[in-house]
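A.B. asks: Have a look at the structure that comes next, please.
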Amino acid sequence: MKATFFYVVALMAQASCNRAAKVETKESSAHSVTQPKADSSAKRPALSLAAMLAQKEVPVLCYHHIRNFSASQSESMKSYSVTPANFAAQMKALHDSGYQTILPAQLYDYLVYGSALPAKPIMITFDDTQLSQFTIGAKEMDKYGFKGVFFIMTISIG
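Every position in the sequence shown, counted from 1, becomes a number in the numbering used here once 18 is added.
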């Protein structure tokens with residue numbers, strides 16, 4: 019009797035596990051929902067640390083200030099600044115040399131999973147939330163189809 023009881027319980031459990039749940043779907047004529055594609059990186063194994071460290075390095079340029087400055091300003095201020103003309107010349111030189119900009123997610127996938135990058139990748143970043151980075155920097159980068167990363171300090175907003 020005991021064996022029959024466990025057999026029946028096991029059959030019921032098996033049957034309930036194999037049965038598909040009823041799902042009611044409704045379509046809205048006003049809105050459509052698109053499911054995001056699953057992150058393919060979740061299925062790929064990460065490279066070993068040795069393989070990560072053996073990869074070709076990617077240059078990352080960091081700009082703080084794009085502005086004209088005078089000789090009387092501090093060395094610190096001058097060392098963290100580039101004039102608009104020099105910034106434009108640097109972007110042109112990068113473009114003419116065949117560099118293509120990448121974004122942080124691309125760099126991460128390259129380093130962790132070995133994903134492909136352009137032949138001459140470079141990342142351009144901006145710190146300190148300066149308006150000139152957008153009005154001068156982004157405008158100049160747009161000429162060459164370059165992308166950049168802006169690190170926004172929320173304390174500066176408002």
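Where a beta carbon is used, it is the ideal one built from N, C-alpha and C, also for glycine.
Just so you know, these numbers come straight off a predicted model, no measurement behind them.
(1) Tell me whether residue 173 sits in a helix, a strand or coil according to DSSP, three-state version.
(2) Pick out the complete beta strand (DSSP E) segments inside the stretch 94-176, 3 residues or longer, and give them in chain order.
(3) When the Cα atoms are used, what is the spatial distance from residue 123 to residue 162?
(4) Which stretch, first to last residue, makes up the beta strand (DSSP E) that contains residue 79?
(5) Inspect the beta-carbon positions of residue 108 and residue 139 and report whether they are closer than 9 Å.
(6) Does the structure place the stretch 126-144 close enough to the stretch 87-101 that three or more beta carbon pairs sit under 8 Å?
(7) Alpha carbon to alpha carbon, how far is residue 132 from residue 65? Give it in angstroms, no decimals.
(8) Here's the rule: buried if 16 or more other CB atoms are within 10 angstroms of the residue's CB, otherwise exposed. What is residue 170?
(9) Can you list, in chain order, the residues of its chain with a C-beta nearer than 8 Å to that of residue 121? Leave out the 5 residues immediately preceding and following it.
C.D. replies: Reading from the atomic positions:
(1) Here residue 173 is taken as the residue at index 155 of the sequence shown, counted from 1. Helix, per DSSP.
(2) 139-144
(3) Taking the first residue of the sequence shown as position 1, residue 123 is located at position 105. Taking the first residue of the sequence shown as position 1, residue 162 is located at position 144. When rounded, the distance between both Cα atoms is 21 Å.
(4) If you number the sequence shown from 1, residue 79 lands on position 61. 78-81 is the extent of the beta strand (DSSP E) around residue 79.
(5) What you label residue 108 is simply residue 90 of the sequence shown in a count that begins at 1. What you label residue 139 is simply residue 121 of the sequence shown in a count that begins at 1. Taking 9 Å as the Cβ cut-off, residue 108 and residue 139 do not qualify as a contacting pair.
(6) no
(7) The residue you call residue 65 lines up with position 47 of the sequence shown. The residue you call residue 132 lines up with position 114 of the sequence shown. For residue 65 and residue 132, the distance between alpha carbons rounds to 7 Å.
(8) As a position in the sequence shown, residue 170 is number 152, starting the count at 1. Exposed is the call here.
(9) As a position in the sequence shown, residue 121 is number 103, starting the count at 1. Excluding sequence neighbours, residue 121 sits near 141, 165 and 167.
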